[in-house]
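If you read the protein sequences in the order shown, they are chains Z and D.
Note that the first sequence covers residues 2 to 338 in our numbering.
Note that the second sequence covers residues 11 to 423 in our numbering.
C-beta: ideal position from N, C-alpha, C; glycine also.
Because the structure is a prediction, the values reported are computed rather than measured.
Below is one structure, written out as structure tokens, with a few remarks after it.
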Amino acid sequence: MKEFKILAVVAFFTLVTYWGVEPFAHSQMHKEVESNNFVYDGKADIEEANNAIEVAKNITDAKKKATVLDAANKKLVAKKAFWAEVSQISKLQGNAVAGEASFALCMACHNGSGVNMGGVVPPKLDNAGSLYDKNYLIALLKDPAMASNVDHKYADTMMHPMGTIKTMITTPQQIADVVAFIKTKKVAKLTPEVAFEDACGRCHANRYGNLTQLGATPKFKTEQEALAHRVKVLDEQDRIKAYMGKLPPDLSIMSRARSEIYMETFIQNPQSQLPNTSMPRVGLTSEGYGMVKAYLEKTGDPSKDARHALGPWVIVFFIIFTMLAYLWKKSQWKDLH
Amino acid sequence: MAHFDEKAKPFSHQWMNDRLAVDTVKKVLSTEYWIPKNINFLWAMGMILAATFGLLIVSGIFLVMYYQPDTKTAFDSVNYTIMTEVGYGWLWRHIHGVAASVVFLIIYIHMFTGIYYGSYKRGREMIWLSGMLLFVLFSAEAFSGYMLPWGQMSYWAGMVITNLFGGFTKDFLGGIGNIPAVVEWIRGDYVPGQAFLSRFFMLHVFLLPLVIIGVIVLHFAALRIPHVNNQDGEEFDFEESAKLYKEDSKKESKVIPFNPVFLSKDIFVMGIYFVLFFYLVFYHFEFAMDPVNFDPADGLKTPLHIYPEWYFLWSYEILRPFPFNVGLVAFGFAQVAFFLLPFLDRSPVVAPANRRGLFKFWFWLMLVDMIVLTVMGKLPPQGAWTIVGMVAAIIFILLFILLPFITKNEKKA
Numbered sequence: 002m003k004e005f006k007i008l009a010v011v012a013f014f015t016l017v018t019y020w021g022v023e024p025f026a027h028s029q030m031h032k033e034v035e036s037n038n039f040v041y042d043g044k045a046d047i048e049e050a051n052n053a054i055e056v057a058k059n060i061t062d063a064k065k066k067a068t069v070l071d072a073a074n075k076k077l078v079a080k081k082a083f084w085a086e087v088s089q090i091s092k093l094q095g096n097a098v099a100g101e102a103s104f105a106l107c108m109a110c111h112n113g114s115g116v117n118m119g120g121v122v123p124p125k126l127d128n129a130g131s132l133y134d135k136n137y138l139i140a141l142l143k144d145p146a147m148a149s150n151v152d153h154k155y156a157d158t159m160m161h162p163m164g165t166i167k168t169m170i171t172t173p174q175q176i177a178d179v180v181a182f183i184k185t186k187k188v189a190k191l192t193p194e195v196a197f198e199d200a201c202g203r204c205h206a207n208r209y210g211n212l213t214q215l216g217a218t219p220k221f222k223t224e225q226e227a228l229a230h231r232v233k234v235l236d237e238q239d240r241i242k243a244y245m246g247k248l249p250p251d252l253s254i255m256s257r258a259r260s261e262i263y264m265e266t267f268i269q270n271p272q273s274q275l276p277n278t279s280m281p282r283v284g285l286t287s288e289g290y291g292m293v294k295a296y297l298e299k300t301g302d303p304s305k306d307a308r309h310a311l312g313p314w315v316i317v318f319f320i321i322f323t324m325l326a327y328l329w330k331k332s333q334w335k336d337l338h
Numbered sequence: 011m012a013h014f015d016e017k018a019k020p021f022s023h024q025w026m027n028d029r030l031a032v033d034t035v036k037k038v039l040s041t042e043y044w045i046p047k048n049i050n051f052l053w054a055m056g057m058i059l060a061a062t063f064g065l066l067i068v069s070g071i072f073l074v075m076y077y078q079p080d081t082k083t084a085f086d087s088v089n090y091t092i093m094t095e096v097g098y099g100w101l102w103r104h105i106h107g108v109a110a111s112v113v114f115l116i117i118y119i120h121m122f123t124g125i126y127y128g129s130y131k132r133g134r135e136m137i138w139l140s141g142m143l144l145f146v147l148f149s150a151e152a153f154s155g156y157m158l159p160w161g162q163m164s165y166w167a168g169m170v171i172t173n174l175f176g177g178f179t180k181d182f183l184g185g186i187g188n189i190p191a192v193v194e195w196i197r198g199d200y201v202p203g204q205a206f207l208s209r210f211f212m213l214h215v216f217l218l219p220l221v222i223i224g225v226i227v228l229h230f231a232a233l234r235i236p237h238v239n240n241q242d243g244e245e246f247d248f249e250e251s252a253k254l255y256k257e258d259s260k261k262e263s264k265v266i267p268f269n270p271v272f273l274s275k276d277i278f279v280m281g282i283y284f285v286l287f288f289y290l291v292f293y294h295f296e297f298a299m300d301p302v303n304f305d306p307a308d309g310l311k312t313p314l315h316i317y318p319e320w321y322f323l324w325s326y327e328i329l330r331p332f333p334f335n336v337g338l339v340a341f342g343f344a345q346v347a348f349f350l351l352p353f354l355d356r357s358p359v360v361a362p363a364n365r366r367g368l369f370k371f372w373f374w375l376m377l378v379d380m381i382v383l384t385v386m387g388k389l390p391p392q393g394a395w396t397i398v399g400m401v402a403a404i405i406f407i408l409l410f411i412l413l414p415f416i417t418k419n420e421k422k423a
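Structure (structure tokens):
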């Protein structure tokens, strides 16, 4: 029938245009980064170091090339050695009981007091065993700057706010023990909000979730109290700004602003999407990320449930509408041809 | 004073008829507004546009009750207040966003239907011109609306588009278009700011809709006398056919009344359209809401890629591949080119493009070229894409220059 032929032509050109401006254009605009499935083995870090060497090789100024290339080569060696050691420690049998004693050292800073130390508030560790990956925790205890892939920020990775850990927990067995303790004793049933607060909330606000860098904003009785709290938040933000270079963005509707694959790869290795960013790798487990993602989707797309509840009814209404309209049309046109 | 029945009861049919000529109005606009019978579903696009515009107005009214045109609160009033605190605010917003995008798809289908069937000439020039004017007004309406959420893309699209007016310097065409500081004058500031947002808010919710409604009335009125075209471009006597219809020789008559016969088909097509439309509203609205615009406006952080919404991409791509001043002239040409169609097409033949010799190739080439321009307009201007875009832009301009020559000697089909 002629009408169907015309419809096919219209649909064809419409879909070609849609394909061109949506899937095709976006595939050309954004570089592809593959997810490492929340495995922290330093693969991406070593690849980045390799790429830096390739870039250095193209420098034309011979003197500059020599210095940059030398530094890049050293970094590659350091990265390879570091992740190889992490892999070795990972194979050790950790003793959670022995780890508990060493863990006491952590409590000096990670005590939940909410006091900024060297730029950020040290995270609470109550849920660390559920949130963070084992390999990542090992790497973090060995060298926090290397583990979170922000060593480019520090001339000496000891300068990392947690850099002194290297003098506190020194042997591979000690590291394995502490990690075993965290992974067995510091586990909890996570909720999306807690996961977000622990993993992201000390640097990132989420104003749609009523969260600042100091946690949930309570209701205040007087304006003075509210302003005093606001000043505290601003002070904390200034400290974070000084440490990170800029205030990390509010994450209220980040889930709408970035694609799912971007978020998943970014969280595993921020450098992969934003080279030279000061954002550290967080080391979330797949399950921990699932919780963070759930929270971001809740604040970023709060109407999802309502949409899915209402959608079918509206569509069914219009299907019935169309069927009735068809019968009317048929009755009106029956004597015309 | 005209004749009127003094005994008629107030507001009775006779009473109203004496004062408002309701029977005549009903005949002229509805039951004896004759439409050709030989049409297909593409003839329903006008009513679909009217319905979509209605949806935009209704959803817009609900949104404007909660939207705050302030650079500090605009973003959150859209993304938080409307999306979470207002009952069904999310629904109105998604309807508004999806309709704003889909309305352009239907406009393009409506436009290319007109071009394909030659419905812009031989007495129908004013329909075409008022339609093109509506296209320009809808574009302005869409652009001003896009500023309102005050996201990154609002801000930077506003920056880029207003910067275009910076081309009018003493270097432009030997200084004939030299308007100093016109960009600042438009923005009311050196960069898009509060004045800019308030102005575009006013344009979007008041002045432009008002003008659009006026031009829609003109567009409908322009249609009444020359009548709607049909699938074969056939010219026939509407009076005679109408007489046959009224004498119940409906099979022999070539016309149908607007109401209820034409309308019954329109409403059926509209039903199918609404099923698709609400599928998009509930399950696939992302295409109409660019992710970049969910980052709040930040004048210190330029997004990696800045591109307009899909319906502006073809004209953006005509601007982009050339040096700034040449691009500006090409862009200006692209904006008015379609207005000239009735005058550039020198053939008197009103028929589907496929039966019109060389014009057949002109039509399909133009359609494909505009799709190529649209896709290239979104891609980053790198490597081969720049060349493809430039070639497509040149083809677009050449097609309009060639149109009088290829239609002049067209044989009557």
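Can you tell which of Z:Leu252, Z:Asn136 and Z:Val10 has its C-alpha closest to the C-alpha of serine 88 of chain Z? Counting from 1 along the first sequence, the entry for residue 88 of chain Z is found at position 87. The residue with the shortest Cα to Cα distance from serine 88 of chain Z is Z:Asn136.
For alanine 85 of chain Z and alanine 200 of chain Z, the rounded distance between their alpha carbons: As a working note, residue 200 of chain Z is residue 199 in the first sequence. As a working note, residue 85 of chain Z is residue 84 in the first sequence. Distance from the CA atom of alanine 200 of chain Z to the CA atom of alanine 85 of chain Z, rounded to whole angstroms, is 26 Å.
So does lysine 81 of chain Z have its beta carbon nearer than 7 Å to some heavy atom of the ligand ZN? Ligands are entirely absent from the displayed structure, and the ligand ZN is therefore not among its contents.
Compute the Euclidean distance between the alpha carbons of alanine 326 of chain Z and isoleucine 282 of chain D, then round it to the nearest angstrom. Taking the first sequence and counting its residues from 1, the one referred to as residue 326 of chain Z is at position 325. Taking the second sequence and counting its residues from 1, the one referred to as residue 282 of chain D is at position 272. Those two C-alpha atoms are separated by around 10 Å.
For lysine 58 of chain Z, tell me which candidate among Z:Asp46, Z:Val17, Z:Lys187 and Z:Asn74 has the shortest Cα-Cα distance. Taking the first sequence and counting its residues from 1, one reaches residue 58 of chain Z at position 57. Comparing Cα positions, the closest option is Z:Asn74.
Pull up the DSSP beta-bridge partners for alanine 217 of chain Z, would you. Residue 217 of chain Z sits at position 216 when you count from the first residue of the first sequence. Bridge partners of alanine 217 of chain Z: Z:Leu212.
Could you tell me which chain D residues have their CB closer than 7 Å to the CB of alanine 206 of chain Z, listed as they occur along the chain? For the purposes of this step, residue 206 of chain Z is taken as the residue at position 205 of the first sequence. The premise fails here: alanine 206 of chain Z is roughly 12 Å from chain D at the closest Cβ pair, so nothing lies under 7 Å.
From which residue to which residue does the alpha helix (DSSP H) around proline 46 of chain D run? Taking the second sequence and counting its residues from 1, the one referred to as residue 46 of chain D is at position 36. Following the DSSP letters along the chain, one finds proline 46 of chain D in no alpha helix (DSSP H) but inside the beta strand (DSSP E) bounded by residues 44-46.
C-alpha distance - valine 238 of chain D paired with valine 11 of chain Z, whole-angstrom precision: Counted from its first residue, the second sequence places residue 238 of chain D at position 228. Counted from its first residue, the first sequence places residue 11 of chain Z at position 10. Here the C-alpha atom of valine 238 of chain D lies approximately 21 Å from the C-alpha atom of valine 11 of chain Z.
Would you call the CB atoms of leucine 139 of chain D and phenylalanine 343 of chain D closer than 8 Å? Taking the second sequence and counting its residues from 1, one reaches residue 139 of chain D at position 129. Taking the second sequence and counting its residues from 1, one reaches residue 343 of chain D at position 333. By the CB criterion at 8 Å, leucine 139 of chain D and phenylalanine 343 of chain D fall outside the cutoff.
What first and last residue would you give for the alpha helix (DSSP H) that runs through proline 145 of chain Z? Counting from one through the first sequence, the residue named residue 145 of chain Z turns up at place 144. Residues 145-148.
Comparing the C-beta of aspartate 336 of chain Z with each C-beta of chain D, is any distance below 8 Å? The residue given as residue 336 of chain Z occupies position 335 in the first sequence. Residue-level contact by beta carbon holds for aspartate 336 of chain Z and chain D, with a gap shorter than 8 Å.
Are valine 252 of chain Z and leucine 297 of chain Z touching if we call contact CB-CB under 8 Å? The residue labelled residue 252 of chain Z in the question sits at position 251 within the first sequence. The residue labelled residue 297 of chain Z in the question sits at position 296 within the first sequence. Correcting the residue type first, residue 252 of chain Z is leucine in the shown sequence and not valine. Between leucine 252 of chain Z and leucine 297 of chain Z, the C-beta gap is smaller than 8 Å, which places the two residues in contact.
I'd like the span of the alpha helix (DSSP H) that includes proline 414 of chain D, first residue to last. The sequence position of residue 414 of chain D within the second sequence is 404, counting from 1. Run containing proline 414 of chain D: 393-418, per the alpha helix (DSSP H) assignment.
For the alpha helix (DSSP H) containing proline 193 of chain Z, name the first residue and the last one. The residue you call residue 193 of chain Z lines up with position 192 of the first sequence. Residues 193-200.
Using beta-carbon positions only, say whether serine 357 of chain D and phenylalanine 369 of chain D come within less than 8 Å of one another. For the purposes of this step, residue 357 of chain D is taken as residue 347 along the second sequence, with counting starting at 1. For the purposes of this step, residue 369 of chain D is taken as residue 359 along the second sequence, with counting starting at 1. Contact flag set, yes.
Of all the CB atoms in chain Z, is at least one closer than 8 Å to the CB of valine 484 of chain D? Only positions 11 to 423 of chain D appear in the structure, and residue 484 of chain D is not among them; the question remains open.
For proline 306 of chain D, the residue or residues it bridges with in DSSP: Numbered from its first residue, the second sequence carries residue 306 of chain D at position 296. In the DSSP output, where bridge partners are listed per residue, proline 306 of chain D has D:Gly161.
Same chain, Cβ closer than 6 Å to phenylalanine 104 of chain Z, neighbours up to 5 away in sequence not counted: Within the first sequence, the letter at position 103 stands for residue 104 of chain Z. Excluding sequence neighbours, phenylalanine 104 of chain Z sits near Val179 and Phe182.
If you compare alpha carbons, which of D:Phe410, D:Met376 and D:Pro390 is closest to phenylalanine 14 of chain Z? By 1-based counting over the first sequence, the position of residue 14 of chain Z is 13. Ranking the options by Cα distance to phenylalanine 14 of chain Z, first place goes to D:Met376.
Taking all protein chains shown into account, do 16 or more other C-beta atoms lie within 10 angstroms of the C-beta of methionine 2 of chain Z, making it buried, or fewer, making it exposed? Counting from 1 along the first sequence, the entry for residue 2 of chain Z is found at position 1. Counting of Cβ neighbours within 10 angstroms places methionine 2 of chain Z among the exposed residues, the total staying below 16.
In the DSSP output, which residue or residues are listed as bridge partners for tyrosine 133 of chain Z? Position 132 of the first sequence, counted from the first residue, corresponds to residue 133 of chain Z. Z:Leu285, per the DSSP bridge assignment.
Under the rule that 16 or more other beta-carbon atoms within 10 Å means buried, what is tryptophan 395 of chain D, buried or exposed? Indexing the second sequence from 1 puts residue 395 of chain D at position 385. Tryptophan 395 of chain D counts as buried, since no fewer than 16 other beta carbons sit within 10 angstroms of its beta carbon.
Any contact of the stretch 101-112 of chain D with the stretch 63-79 of chain D, i.e. 3+ C-beta pairs under 8 Å? Counting C-beta pairs with one atom in each stretch, the stretch 101-112 of chain D and the stretch 63-79 of chain D have three or more that are closer than 8 Å, which means they touch.
Could you round the C-beta distance between leucine 218 of chain D and leucine 147 of chain D to whole angstroms and report it? I think they count as a contact, below 8 Å. Here residue 218 of chain D is taken as the residue at index 208 of the second sequence, counted from 1. Here residue 147 of chain D is taken as the residue at index 137 of the second sequence, counted from 1. Correct: roughly 6 Å between the Cβ atoms.
Can you give me the Cβ contacts of leucine 106 of chain Z inside the same chain, cut-off strictly under 8 Å, excluding the 5 residues immediately before and after it? If you number the first sequence from 1, residue 106 of chain Z lands on position 105. Cβ neighbours of leucine 106 of chain Z within its own chain (closer than 8 Å, five residues either side excluded): Met169 and Ile170.
Residues in the same chain with beta-carbon distance under 7 Å from serine 40 of chain D, minus the five sequence neighbours each way, listed in chain order, please. Taking the first residue of the second sequence as position 1, residue 40 of chain D is located at position 30. Cβ within range, chain order: Phe268 and Asn269.
Cβ separation of proline 79 of chain D and phenylalanine 211 of chain D, assumed to be a contact under 8 Å, to the nearest whole Å: Position 69 of the second sequence holds residue 79 of chain D. Position 201 of the second sequence holds residue 211 of chain D. The C-beta distance from proline 79 of chain D to phenylalanine 211 of chain D rounds to 4 Å, short enough to fall under 8 Å.
Let me make sure I understand the geometry here. Which of D:Met55, D:Trp166 and D:Thr91 has the alpha-carbon closest to that of phenylalanine 114 of chain D? Sequence index remark: in the second sequence, residue 114 of chain D carries index 104 (1-based). Put simply, of D:Met55, D:Trp166 and D:Thr91 the residue whose alpha carbon is nearest the alpha carbon of phenylalanine 114 of chain D is D:Met55.
If contacts are defined as beta-carbon pairs under 8 Å, then threonine 323 of chain Z and valine 385 of chain D qualify, I think. What distance do you get, rounded to the angstrom? Reading the first sequence from its first residue, position 322 is the one you call residue 323 of chain Z. Reading the second sequence from its first residue, position 375 is the one you call residue 385 of chain D. At roughly 32 Å, the Cβ-Cβ gap does not stay under 8 Å, so threonine 323 of chain Z and valine 385 of chain D are not in contact.
Sequence-distant residues of the same chain with beta carbon closer than 8 Å to glycine 176 of chain D, five excluded per side: Counting from one through the second sequence, the residue named residue 176 of chain D turns up at place 166. So the list reads Val192 and Val193, once near-sequence residues are dropped.
For isoleucine 189 of chain D, which beta-bridge partners are listed by DSSP? Residue mapping note: residue 189 of chain D aligns to position 179 of the second sequence, counting from 1. In the DSSP output, where bridge partners are listed per residue, isoleucine 189 of chain D has none listed.
According to the Cβ coordinates, are lysine 80 of chain Z and aspartate 134 of chain Z closer than 8 Å? Walking along the first sequence from the start, residue 80 of chain Z turns up at place 79. Walking along the first sequence from the start, residue 134 of chain Z turns up at place 133. The Cβ-Cβ distance between lysine 80 of chain Z and aspartate 134 of chain Z does not fall below 8 Å.
Contacting residues, own chain, Cβ-Cβ under 7 Å from tyrosine 263 of chain Z (five flanking each side not counted): Taking the first residue of the first sequence as 1, we reach residue 263 of chain Z at position 262. Scanning its chain for C-beta atoms nearer than 7 Å, with the 5 sequence neighbours on each side dropped, one finds around tyrosine 263 of chain Z the residues Gln274, in chain order.
Where alanine 310 of chain Z falls, given that 16 or more other Cβ within 10 Å makes a residue buried: On the first sequence, residue 310 of chain Z is found 309 positions in, with the first residue counted as 1. That one is exposed.
Given that proline 390 of chain D touches chain Z, what residues does it touch there, using C-beta distances under 8 Å? Counting from one through the second sequence, the residue named residue 390 of chain D turns up at place 380. Simply Gln29 and Met30.
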